[in-house]
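*Asks:* Counting from 15, one number per residue, gives the positions in the sequence shown under the working numbering. All residues carry an ideal CB built from backbone N, CA and C; glycine is no exception. Just so we're clear, the structure is a prediction, and the values are computed from it rather than from any experiment.
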Amino acid sequence: MAKQLDKTVWFCNNCGTESAKWVGRCPGCGEWNTMVEERVRTRKDRVSAPLRGQESVVRPISQIETRDEQRIHMPSEELNRVLGGGLVAGSLVLIGGEPGIGKSTLVLQNILSIRAKRILYVSGEESASQLKMRADRIGRLSDNCFIVCETSMDSIMGHIRDVKPEIVVVDSIQTIASDSIESAAGSVSQVRECSAQLLRYAKSSGTPVILIGHINKEGSIAGPKVLEHIVDAVLQFEGDGHYMYRILRSIKNRFGSTSELGIYEMVQRGLREVSNPSELLLSQHGDEDLSGVAIGVTLEGIRPFLIEVQALVSTAAYGTPQRSVTGFDGKRMNMLLAVLEKRVGFKLAQKDVFLNIAGGLKVNDPALDLSVICAILSSNVDMAIAHDVCMSGEVGLSGEIRPITRIEQRVLEAEKLGFSKILIPKNNLKGFDSSRLKIEIAEVAKVEEAFRALFG
Numbered sequence: 015m016a017k018q019l020d021k022t023v024w025f026c027n028n029c030g031t032e033s034a035k036w037v038g039r040c041p042g043c044g045e046w047n048t049m050v051e052e053r054v055r056t057r058k059d060r061v062s063a064p065l066r067g068q069e070s071v072v073r074p075i076s077q078i079e080t081r082d083e084q085r086i087h088m089p090s091e092e093l094n095r096v097l098g099g100g101l102v103a104g105s106l107v108l109i110g111g112e113p114g115i116g117k118s119t120l121v122l123q124n125i126l127s128i129r130a131k132r133i134l135y136v137s138g139e140e141s142a143s144q145l146k147m148r149a150d151r152i153g154r155l156s157d158n159c160f161i162v163c164e165t166s167m168d169s170i171m172g173h174i175r176d177v178k179p180e181i182v183v184v185d186s187i188q189t190i191a192s193d194s195i196e197s198a199a200g201s202v203s204q205v206r207e208c209s210a211q212l213l214r215y216a217k218s219s220g221t222p223v224i225l226i227g228h229i230n231k232e233g234s235i236a237g238p239k240v241l242e243h244i245v246d247a248v249l250q251f252e253g254d255g256h257y258m259y260r261i262l263r264s265i266k267n268r269f270g271s272t273s274e275l276g277i278y279e280m281v282q283r284g285l286r287e288v289s290n291p292s293e294l295l296l297s298q299h300g301d302e303d304l305s306g307v308a309i310g311v312t313l314e315g316i317r318p319f320l321i322e323v324q325a326l327v328s329t330a331a332y333g334t335p336q337r338s339v340t341g342f343d344g345k346r347m348n349m350l351l352a353v354l355e356k357r358v359g360f361k362l363a364q365k366d367v368f369l370n371i372a373g374g375l376k377v378n379d380p381a382l383d384l385s386v387i388c389a390i391l392s393s394n395v396d397m398a399i400a401h402d403v404c405m406s407g408e409v410g411l412s413g414e415i416r417p418i419t420r421i422e423q424r425v426l427e428a429e430k431l432g433f434s435k436i437l438i439p440k441n442n443l444k445g446f447d448s449s450r451l452k453i454e455i456a457e458v459a460k461v462e463e464a465f466r467a468l469f470g
């Protein structure tokens, strides 16, 4: 019989580094005061089993045969896009997000729409009646979806052997605990052990497993970074509680691109896909032109969409100018204000500047620089930019408009939405035939040229 040993170890909450004693600074990630004490029961003669139940073989890379991954097409096209084309067989996918953001609703309404697969939904947080009420609210029921409310890892594996599902969902991984480890559910050792067991099951059986996890107050997925290292894909579901939009981002994906983005809208019957986010992110002002508003063409992954940038410039009432930014990098806005001060001659040092990206989105695309500057200039001189004019370009420290990537897609998106004019960096459209386009293209090389093109 294997001899069991009890020991006390220290784990880092941030990266999962193990230490025999407490240290103030983690030797792995360098964070302070992240070590937590846990009691772990281990087996002295424990031997790790091969991942796929067979002995490993050493082979040259030239003799390894490759094959296309088998993917399960999910009902949500936005989810398929972020996953890279569908759910890969035998993969372990982690969906993280803040509590109440809609993670369980996103997964539940997708698996209830899959009729040809046997699915096991393991809930460690909600009762079966609560899940049934949510399914009734979504308006979807399925006889192929089996619900079990369990938090013991050993019992869950027993249910998996009995049901023989083709897709497994665990909600959430922080509530599952293994009997082989004497520590609380959600601890570093429990999360690591339970995830490793589910990974071995997924790889050996070819069954995809979806894990749902919470994120902590710092915005990272709770239950250390070691969980992100184990899984094949990490999707983060984010959004602001004051807005109806939800964004699904791919942080890690071994089977697809990490630059894809999915947009949903929270409605009464669940989450609705937003196939054309530009129409929802732009305010419907009609023919009314407002100062301080500029339309920028941004890019998330390979998906272009238009977004409204709002700026307000006013005289500082309390002596010290305020700089307030929502949805954009505050340091980058300060840099753009310095460019306007030095290169263009606008005195903004003694003025309050407020900047907002409409829709509650957070944008990091440098091509939005030109829209930010134009919105600030429009508010400063109190002159409106025409509602059918948009722009896209990166601004350098010398005031030049720098070329940006995928300019053709940005121009075509603006034309599709009915804009009559777009400002882009000079010589950015080399080799692209724009004669067949209905939209007017204005090429600008300096911020001064953009100002003259907008206001004359």
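1) One question on the structure: do Ala308 and Ala198 come within less than 8 Å of each other, judged by their Cβ atoms?
2) With the cut-off set at 8 Å, would you say Gln123 and Leu285 are in Cβ contact?
3) Could you please give me the residues that DSSP links to Ala456 through a beta bridge?
4) Taking 8 Å as the cut-off, does the segment 422-436 touch the segment 404-414 (at least 3 CB pairs, one atom from each stretch)?
5) Using a 10 Å radius around the Cβ and a threshold of 16 neighbouring Cβ atoms, would you call Phe446 buried or exposed?
6) Give the C-beta separation of Val339 and Leu369 to the nearest angstrom, bearing in mind that I take them to be a contact with Cβ-Cβ under 8 Å.
7) With DSSP as the reference, label Val245 as helix, strand or coil.
8) What would DSSP say about Tyr332, mapped onto helix, strand or coil?
9) What residue does the alpha helix (DSSP H) around Gly344 start on, and which one ends it?
10) Compute the Euclidean distance between the alpha carbons of Ile421 and Glu463, then round it to the nearest angstrom.
11) Contact between the segment 25-38 and the segment 173-180: three or more CB pairs below 8 Å?
12) Would you call His228 buried or exposed, if buried means 16 or more other Cβ atoms sit within 10 Å of its Cβ?
13) Are Leu384 and Val425 close, meaning C-beta to C-beta below 8 Å?
14) Between Glu164 and Gly138, which are expected to be in contact by the criterion C-beta below 8 Å, what is the C-beta distance as a whole number of angstroms?
15) Looking only at its chain, what residues have a beta carbon closer than 6 Å to the beta carbon of Gly233, apart from the 5 residues adjacent to it on each side?
16) If we count the other Cβ atoms within 10 Å of its Cβ and call it buried at 16 or more, is Pro41 buried or exposed?
17) Which partner residues of Ala398 appear in the DSSP bridge assignment?
18) Spell out a yes or no on whether the segment 105-117 and the segment 151-159 are touching, meaning 3 or more CB-CB pairs, one atom from each, closer than 8 Å.
19) Three Cβ pairs or more, each shorter than 8 Å: is that satisfied between the segment 186-195 and the segment 84-104?
20) With DSSP as the reference, label Gly172 as helix, strand or coil.
21) With Leu295 and Ile321 assumed to form a contact (beta carbons below 8 Å), what rounded beta-carbon distance in angstroms separates them?
22) What does Asp185 pair with, by DSSP beta-bridge criteria?
23) Return the CA-CA distance between Ala467 and Ala381, expressed in angstroms with no decimal places.
24) Assuming Ser209 contacts Leu249 under a Cβ cut-off of 8 Å, what Cβ separation, rounded to an integer in Å, is found between them?
25) Could you check what DSSP says for Lys58 in three-state terms: helix, strand or coil?
26) How long is the line joining the alpha carbons of Gly315 and Pro89, rounded to whole angstroms?
27) On the CB-based measure, 16 or more other CB atoms within 10 Å of its CB, does Arg60 come out buried or exposed?
28) If Gly413 and Val323 are in contact, beta carbons under 8 Å, what's the gap, nearest whole angstrom?
29) For Glu454 and Val377, I'd like the C-alpha separation in whole angstroms.
*Replies:* Quick look at the numbers:
1) no
2) yes
3) Leu437
4) yes
5) exposed
6) 5 Å
7) coil
8) coil
9) 344-353
10) 19 Å
11) no
12) buried
13) no
14) 7 Å
15) Residue confidence is low: Gly233 scores 49 on pLDDT, short of 50, so the model does not pin down where it sits. Its coordinate-derived value is still stated next. Taken in chain order, the list of residues that qualify is empty.
16) exposed
17) Ser305
18) no
19) no
20) helix
21) 5 Å
22) Ser137, Ile226
23) 18 Å
24) The Cβ separation is near 15 Å, so there is no contact.
25) Reliability of the predicted coordinates at Lys58 is poor, the pLDDT of 47 falling under 50, and the value obtained from them is presented with this limitation in mind. Here Lys58 sits in coil by DSSP.
26) 21 Å
27) Because Arg60 carries a pLDDT of 46, less than 50, the predicted location of this residue cannot be relied on, and no value is offered for it.
28) Wrong, their Cβ atoms sit about 19 Å apart, outside the cutoff.
29) 26 Å
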